[in-house]
Amino acid sequence: MSDSHNPNDRGLPPSMDISLGRTLDAAANRASEGLRVIEDFVRYGQNDRFLTEQLKSLRHELDSTLQKFDRLASIQSRDTFGDVGTTIQGKLEHTRHGWSDLLTANFKRLQQALRSLEEHAKLIDGEAAASLERARYLSYSLEKMVLTTVTAARQFAEPSVYVLIDGQASVDAFDRLAGALVDAGVDVIQLRDKSIDDRTLVARGELLRKRTANTATKMIFNDRADLAKVTGADGVHVGQEELTVSQVRSVLGTGKLVGVSTHSLAQAQQAVRDGADYIGIGPTFPSTTKSFEQFPGLDLIREVATEITLPGFAIGGIDPTNAALVAEAGIKRIAVSGCVAKASDPGAVVAQLKSALA
Ligand SMILES: Cc1ncc(COP(=O)(O)OP(=O)(O)O)c(N)n1
Ligand SMILES: Cc1ncsc1CCOP(=O)(O)O
Ligand SMILES: [Mg+2]
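Okay, so the sequence shown: first residue is 1204 according to my numbering, each after it adds one.
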């Protein structure tokens, strides 16, 4: 677009230039305002530093694209009292039914405004139009990240105890363990057994489904989206080298939980971008269940806790003697295996873990 403030430099007739100026002015305001509402929500309501930064960077990018337009000419074209739209109010304009409605309404406002800016920018500045298109695509990803994070944060309580169990030596032993964990009020049970055959694993999964159905305990399958689907599990947990979040969702359909293991802040942020429902963070301490060469430890717990609010479960060697250290590092959700599964009274250990987190 021209640097000059002379509207005729755009090569448009003056009447069209005024209406273009009004449109750009209104759409720019709408986009910035919608973006601000969302940013305020994740900043003050959610305390999410990572999402706040992502939204802020979109706002700055948008501001620099809008600088290309002749803002003075746009503002000079402004005619708020002559705007026929100000007196047409939708029925729901002054009501928001909760945070999800608030966020969705403002993402829609942002996306519609970006589309309007993009289409009108095509008349005068192709480069600006392309940059507005990129901003609109980014807003779609941000909508997914923000809504998934806020929904997930409400789905996983805090403090929270998540227990990984294997198929045990017999059906009875498995049933006893699963029953004790549900009775103890464990928030999540993950079935993780890499050594038994699929038919046995499915049978254990079906039993676990029965024990957890109509309780507050969620059932997650380790690695296996196919078996999660067959047994009607609530979700799947995958590692960095396994199925991606979207691949798991393509097997399970929507409405199921997908957890991702993370070993660095960058992986945790990527899990947010990918739309995971929660993350495992670790390994925290040496584990008797799985061996590791490196331990990001409590430093990673602290780092993730300050950056993101997607629910994170610290994992690896956590037991009643060190669970409080994890909570002090900023994460009050833990995933454990050995200390509970190998205990003579698993329910009692769960109670100790809960009190250490509280
Ligand atoms: C809650 C939770 N966090 C991390 C893991 C580890 O998953 P992964 O890295 O895929 O390793 P395996 O469990 O497959 O050996 C987990 N299972 N659960
Ligand atoms: C599967 C897995 N991934 C990281 S640690 C771990 C096992 C957790 O078990 P424990 O609580 O016994 O260390
Ligand atoms: Mg795995």
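Each residue gets a CB set at the ideal place from its N, CA and C atoms; glycine is no exception.
All values reported here derive from a predicted model rather than from experimental measurement.
Would you say residue i touches ligand 3, meaning its beta carbon is less than 8 Å from a heavy atom?
{"i": "His1440", "result": "yes"}
{"i": "Ser1584", "result": "Because the chain in this structure spans residues 1204 to 1561, residue 1584 falls outside the shown range and cannot be described."}
{"i": "Asn1309", "result": "no"}
{"i": "Asp1220", "result": "no"}
Would you mind reading off the limits of the alpha helix (DSSP H) that contains residue i?
{"i": "Ile1196", "result": "Any answer about residue 1196 is impossible in this case: the structure gives the chain only from 1204 up to 1561."}
{"i": "Ala1561", "result": "Unbroken run through Ala1561: none, as it is neither H nor E."}
{"i": "Phe1516", "result": "Segment 1515-1518 is the beta strand (DSSP E) holding Phe1516; no alpha helix (DSSP H) there."}
{"i": "Gln1249", "result": "Neither: Gln1249 is in no alpha helix (DSSP H) and is coded neither H nor E."}
{"i": "Glu1531", "result": "1526-1531"}
{"i": "Arg1476", "result": "1468-1477"}
Closer than 8 Å: is that where the CB of residue i sits relative to any heavy atom of ligand 5?
{"i": "Asp1378", "result": "Although ligand 5 was asked about, the structure shown includes only ligand 1, ligand 2 and ligand 3 as ligands."}
Are there any heavy atoms of ligand 1 lying less than 8 Å away from the beta-carbon of residue i, as far as the coordinates show?
{"i": "Lys1397", "result": "yes"}
{"i": "Glu1496", "result": "no"}
{"i": "Leu1430", "result": "no"}
{"i": "Gln1443", "result": "yes"}
{"i": "Asn1232", "result": "no"}
{"i": "Phe1573", "result": "The structure shown has nothing for residue 1573, since the chain only spans 1204 to 1561."}
{"i": "Phe1516", "result": "yes"}
{"i": "Leu1367", "result": "yes"}
{"i": "Gly1483", "result": "yes"}
{"i": "Gln1473", "result": "no"}
{"i": "Gln1393", "result": "yes"}
Which stretch, first to last residue, makes up the beta strand (DSSP E) that contains residue i?
{"i": "Lys1536", "result": "Before going further, note that residue 1536 is Arg rather than Lys in the sequence given. Arg1536 -> beta strand (DSSP E) spans 1536-1539."}
{"i": "Asn1309", "result": "No beta strand (DSSP E) holds Asn1309; the alpha helix (DSSP H) holding it covers 1302-1324."}
{"i": "Phe1253", "result": "No beta strand (DSSP E) contains Phe1253, which is instead part of the alpha helix (DSSP H) from 1252-1270."}
{"i": "Phe1424", "result": "1421-1425"}
{"i": "Gly1285", "result": "Unbroken run through Gly1285: none, as it is neither H nor E."}
{"i": "Ile1484", "result": "1481-1484"}
request  = Could you say if the segment 1223-1231 and the segment 1323-1332 meet the contact criterion of at least three C-beta pairs nearer than 8 Å?
outcome  = yes
request  = Specify which residues have a beta carbon nearer than 5 Å to any heavy atom of ligand 2, listing them in chain order.
outcome  = Pro1486, Ser1490, Thr1492, Lys1493, Ile1518, Gly1519, Gly1520, Val1539, Ser1540, Gly1541
ask   = Which ranges does the alpha helix (DSSP H) cover as unbroken runs of at least 4 residues, wholly within the segment 1330-1408, from first to last along the chain?
value = 1374-1386
Segments assigned alpha helix (DSSP H), at least 4 residues, entirely inside the segment 1428-1466 = 1428-1434, 1448-1455
inquiry  = Would you call the segment 1399-1406 in contact with the segment 1537-1556, where contact means no fewer than 3 C-beta pairs closer than 8 Å?
reply    = no
task = Determine, using beta-carbon pairs with one atom in the segment 1254-1272 and one in the segment 1366-1373, whether at least three such pairs fall under 8 Å.
result = no
task = Indicate whether the contact test is met: 3 or more Cβ pairs, each with one atom in the segment 1461-1477 and one in the segment 1487-1494, closer than 8 Å.
result = no
message = With three or more C-beta pairs closer than 8 Å as the rule, is the segment 1247-1261 touching the segment 1329-1336?
response = no
Touch test, the segment 1344-1364 against the segment 1508-1517, Cβ-Cβ under 8 Å, three pairs minimum = yes
key: Cβ contact (3+ pairs, closer than 8 Å) linking the segment 1374-1384 and the segment 1408-1428   = yes
task = Tell me, please, whether the segment 1455-1463 touches the segment 1434-1443 by the rule of three or more beta-carbon pairs shorter than 8 Å.
result = yes
query = Taking one C-beta from the segment 1237-1245 and one from the segment 1281-1288 each time, how about it: are there three or more such pairs within less than 8 Å?
reply = no
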